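Here's the structure we're looking at; comments come further down.
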Amino acid sequence: MSTIAATSAKAQGMTKDERFVIFASSLGTVFEWYDFYLFGSLAGIIGAQFFGVIDPATKLPMFNQATRDIFALLAFAAGFIVRPFGAIVFGRVGDIVGRKYTFLVTILIMGLSTFIVGILPNAATIGIAAPIILIGLRLLQGLALGGEYGGAATYVAEHSPAGKRGYYTSFIQTTATLGLFLSLLVILFTRTILGEPEFAAWGWRIPFLVSVVLLGISVWIRLRLNESPVFQKMKDEGKGSKAPLTEAFANWSNAKIVLIALFGGVMGQGVVWYTGQFYALFFMQSILKVDGYTANLLIAWSLLLGTGFFVFWGALSDKIGRKPIILAGCLIAALTFFPIFRMITTNANPTLEKAIESVKVEVVSDPALCGDLFNPVGTRVFSTPCDTARAYLAQSSVKYSTAYGPAGSGVKVVVNGKDVPYTAAASNPQVLAAVQAAGYPKVGDAQIVKMAHPFDIFRPQVAAVIGLLFILVMFVTMVYGPIAAMLVELFPTKIRYTSMSLPYHIGNGWFGGLLPATAFAIVASTGDIYAGLWYPVIFAAITVVIGIFFLPETKDVDIGAN
1 MSTIAATSAK AQGMTKDERF VIFASSLGTV FEWYDFYLFG SLAGIIGAQF
51 FGVIDPATKL PMFNQATRDI FALLAFAAGF IVRPFGAIVF GRVGDIVGRK
101 YTFLVTILIM GLSTFIVGIL PNAATIGIAA PIILIGLRLL QGLALGGEYG
151 GAATYVAEHS PAGKRGYYTS FIQTTATLGL FLSLLVILFT RTILGEPEFA
201 AWGWRIPFLV SVVLLGISVW IRLRLNESPV FQKMKDEGKG SKAPLTEAFA
251 NWSNAKIVLI ALFGGVMGQG VVWYTGQFYA LFFMQSILKV DGYTANLLIA
301 WSLLLGTGFF VFWGALSDKI GRKPIILAGC LIAALTFFPI FRMITTNANP
351 TLEKAIESVK VEVVSDPALC GDLFNPVGTR VFSTPCDTAR AYLAQSSVKY
401 STAYGPAGSG VKVVVNGKDV PYTAAASNPQ VLAAVQAAGY PKVGDAQIVK
451 MAHPFDIFRP QVAAVIGLLF ILVMFVTMVY GPIAAMLVEL FPTKIRYTSM
501 SLPYHIGNGW FGGLLPATAF AIVASTGDIY AGLWYPVIFA AITVVIGIFF
551 LPETKDVDIG AN
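Below, the structure is given as structure tokens:
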């Protein structure tokens with residue numbers, strides 16, 4: 001097939017060239033998200049390989065605590081914090097040089113960075129160079145992703161016929177979910193074939209190495225694309241921007257729209273998206289103690305059932321508007337997150353739910369010994385008995401409250417009115433025995449949801465959990481399906497790539513990406529397994545209020561006229 005010709009907008013139907021544009025842009029973006037999610041999905045194994053290596057000679061950690069803390073902080077931040085900077089860098093290039101070549105560069109950076117992770121020697125082999133290189137590669141991934149989405153969304157939108165931009169760009173909106181789904185499938189398949197010991201030792205590299213094949217396919221397909229017709233027309237007429245950053249952010253008339261897009265649309269969309277896909281997975285594994293195999297399969301099924309609704313809501317937004325669908329999704333999510341997550345607990349771990357309702361646990365301590373437990377990046381080390389006791393209970397998914405004893409008193413854990421002496425966080429057999437005797441589930445409790453194989457979905461308990469997760473995915477599709485079209489339509493062609501990319505990656509990379517760790521830090525601080533949901537509820541509600549009053553409707557905007 002020869003290089004495709006740029007297509008003019010048509011009133012009806014989707015031409016062969018338009019289908020190819022959507023396919024090529026979406027496929028490449030799926031592979032970028034696949035690469036990005038691999039790191040998060042395998043963070044525990046990667047951390048052990050690169051940060052937590054034990055020196056065989058001394059039997060001690062290879063890196064001291066301060067060094068490990070720095071690495072943990074950088075690894076946590078790299079993939080999310082740098083995304084807006086990637087949006088600025090590549091957005092500027094995309095508005096000056098062009099959409100096509102910019103997202104060719106971003107996919108090359110992402111793909112090569114991911115492949116190198118797969119062949120990178122661990123800390124036991126090359127020492128401190130290993131985690132330093134790993135973090136550098138993760139930073140490159142974040143920068144590349146910051147430039148990829150805006151380019152793909154803009155490119156597809158600028159090829160779309162009037163009245164169908166929501167439908168066309170909704171295919172780009174499926175890519176993040178499909179990338180996550182693909183990464184989960186490859187990981188599960190590799191784990192199943194090799195077994196857990198081999199996978200942890202070396203098999204975890206295979207999903208990273210596979211990415212080089214995906215990279216080759218993506219680059220080959222994208223090389224066959226021409227520049228966006230809207231952008232090419234602007235360039236031919238000499239109307240392009242020579243300083244897109246200045247025009248986008250130093251000019252108040254445009255900067256104001258950037259802020260409205262962020263706080264009145266993307267911020268709420270980001271927290272709803274990350275709650276429905278990522279915090280739900282984290283909640284099941286870390287709080288409800290569902291095994292990783294089952295939790296990943298439950299999420300995978302909910303994504304499989306729900307992904308088509310990105311296109312449904314995108315197409316509907318062409319008829320009734322972007323704004324009502326996005327804001328309705330944020331509002332419904334904010335109103336229902338608490339009851340839905342409680343129902344997930346009811347079905348996934350009923351023993352835990354009963355214990356939370358019936359068992360009263362208090363940490364009694366001198367108030368001077370009780371500090372703040374907020375620790376979203378996991379680098380703080382708690383030393384006082386009050387803090388270690390509360391952290392231990394939070395990690396064990398035990399709902400607790402804090403009561404203050406007289407000055408100079410020690411720390412004790414009170415379970416249903418009975419005092420339990422507390423020693424150290426690393427070993428608390430008395431506390432563990434006491435809460436389990438009172439009703440909290442033991443490890444491997446028979447009532448915790450468990451799937452025997454990927455198609456074990458028809459038992460009532462499993463089906464109920466998948467159904468609840470599907471509802472969360474529906475919220476994700478409502479807020480995410482129309483967002484690309486809306487962002488493209490808000491900004492003029494000459495600074496569109498730069499302007500839309502920054503609010504998108506702040507909303508998703510910062511407000512959304514930092515959600516799982518921050519929400520769990522809130523859980524640990526309060527002793528309430530549902531308290532972390534206040535994070536998405538509050539930000540989604542703020543978006544609804546700001547969006548109602550300030551966010552314009554954009555579905556009828558002519559994006560080629562500005």
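Numbering (my numbering), first residue to last: 1 to 562. We put the CB at the ideal spot given by N, CA and C, even for glycine. Quick caveat: nothing in here was measured; it's all calculated off a predicted structure.
I need the DSSP call for residue i, collapsed to helix, strand or coil.
i    : result
S2   : With a pLDDT of only 36 at S2, under 50, the local geometry of the prediction cannot be trusted, and no value is derived from it.
I340 : helix
A130 : helix
K233 : helix
T7   : Note that T7 scores 38 on pLDDT, short of 50, meaning its location in the model is unreliable and no value can be drawn from it.
I611 : Any question about residue 611 goes unanswered here, given that the chain covers just 1 to 562.
K412 : strand
K494 : helix
V364 : strand
A243 : coil
T543 : helix
Y404 : strand
P421 : strand
I448 : coil
I529 : coil
L457 : Sequence inspection shows Ile at residue 457; the Leu mentioned does not correspond to that position. Three-state DSSP puts I457 in coil, outside helix and strand.
P482 : coil
I54  : strand
P84  : helix
P161 : coil
P376 : coil
P197 : helix
P350 : helix
Cα separation between residue i and residue j?
i    : j    : result
T493 : K233 : 10 Å
V163 : M14  : Rather than Val, the amino acid found at residue 163 in this sequence is Gly. Near 12 Å, if we compare the C-alpha coordinates of M14 and G163.
M393 : F283 : Inspection of the sequence shows that residue 393 is occupied by Leu rather than by Met. Cα-Cα distance, rounded: 16 Å.
A6   : G94  : Unreliable placement is indicated for A6, whose pLDDT of 37 sits below 50; no coordinate value is reported for it.
P339 : G308 : 25 Å
F475 : C330 : 8 Å
K256 : K235 : 26 Å
I299 : L209 : 24 Å
T3   : V89  : For T3, the pLDDT reaches just 38, beneath the cut-off of 50, and the residue's location in the model is therefore unreliable, although a value from the coordinates is still provided. So the alpha carbons of these two residues sit roughly 28 Å apart.
A130 : N428 : 35 Å
P184 : N296 : The sequence as given places Leu at residue 184; Pro does not occur at that position. Roughly 7 Å separates the two Cα atoms.
G314 : V156 : 13 Å
Q461 : L281 : 17 Å
G146 : E553 : 25 Å
I81  : G270 : 14 Å
I221 : K360 : 60 Å
S41  : A407 : 45 Å
M478 : W202 : 39 Å
S409 : F341 : 38 Å
T402 : D419 : 14 Å
L262 : A484 : 13 Å
For residue i, which residues from the same chain have a beta carbon less than 7 Å from its beta carbon, with the 5 sequence-adjacent residues on both sides left out?
i    : result
T345 : L288, L352, E353
G405 : V364, S365, D366
I578 : Since the first residue of the chain shown is 1 and the last is 562, residue 578 is not available in this structure.
A176 : W33
L327 : V544, G547, I548
K400 : Here residue 400 is Tyr; the residue named in the question, Lys, does not match the sequence. So the qualifying residues of the chain are V361, E362, V363, R390, L393, G527.
Out of the options, point me to the one whose CA is closest to residue i's CA.
i    : options                : result
G264 : F282, I559, A541       : A541
L140 : T106, G118, A130       : T106
V411 : Y504, T423, T275, L180 : T423
G481 : D17, S170, G142        : S170
I226 : T543, L104, I529, T29  : Reading off the sequence, residue 226 comes out as Asn, not Ile. Out of T543, L104, I529, T29, L104 has the C-alpha closest to the C-alpha of N226.
H505 : P84, E18, S26, V219    : P84
Q49  : M451, L27, L120        : L120
With a threshold of 6 Å on Cβ separation, who are the neighbours of residue i within its own chain once the five nearest residues in sequence on each side are excluded?
i    : result
V537 : A334, F337
S8   : Confidence is the limiting factor: at S8 the pLDDT is only 39, short of 50, which leaves the residue's position unreliable and the question unanswerable from this model.
I109 : L140, A144
Q447 : P350, T351
L472 : G276, A280
I356 : K399
Keeping to the same chain, check which residues put their C-beta closer than 8 Å to that of residue i; ignore five residues upstream and five downstream.
i    : result
K387 : Correcting the residue type first, residue 387 is Asp in the shown sequence and not Lys. L369, C370, G371, L373.
A463 : I457
F550 : I260, G264
Quick check: the stretch 435-444 against the stretch 374-391, are there 3 or more CB pairs under 8 Å?
Touching, no, given that fewer than three Cβ pairs across the two stretches are closer than 8 Å.
Cβ contact (3+ pairs, closer than 8 Å) linking the stretch 508-517 and the stretch 267-284
Touching, yes, given that three or more Cβ pairs across the two stretches are closer than 8 Å.
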